[in-house]
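Working notes, beginning with the structure itself.
Numbering (the numbering used here), first residue to last: 96 to 156.
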């Protein structure tokens with residue numbers, strides 16, 4: 096989905112990203128949407144790093 100948004104932005108296509116909330120539907124700013132992908136990537140990397148540390152500790156015991 097991130098790639099699709101980048102392509103649409105590159106071609107200056109008009110689009111909106113909508114988010115379902117408890118109060119209804121709201122528009123999500125493009126910057127916030129893109130930042131959420133970066134944050135998810137960083138969390139996944141950190142989780143992988145911690146898993147590697149835990150596996151190494153298990154092997155040492």
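Note that CB positions come from ideal geometry on N, CA and C, so glycine has one too.
For clarity, every value in this text was computed on a predicted model and none was experimentally measured.
Element boundaries [beta strand (DSSP E), containing residue i]
i          : result
residue 97 : First-last for residue 97: 97-105, but that is the alpha helix (DSSP H), not the beta strand (DSSP E).
CB of residue i within 7 Å of CB of residue j, strictly
i           : j           : result
residue 97  : residue 132 : yes
residue 128 : residue 138 : no
residue 114 : residue 123 : yes
Boundaries (first-last residue) of the alpha helix (DSSP H) holding residue i
i           : result
residue 114 : Unbroken run through residue 114 is the beta strand (DSSP E), 112-116; no alpha helix (DSSP H).
residue 135 : 125-155
Backbone CA spacing between residue i and residue j [nearest angstrom]
i           : j           : result
residue 101 : residue 144 : 28 Å
residue 150 : residue 134 : 24 Å
residue 155 : residue 142 : 20 Å
residue 157 : residue 117 : Coverage of the chain is limited to positions 96 through 156, which leaves residue 157 absent and any answer about it impossible.
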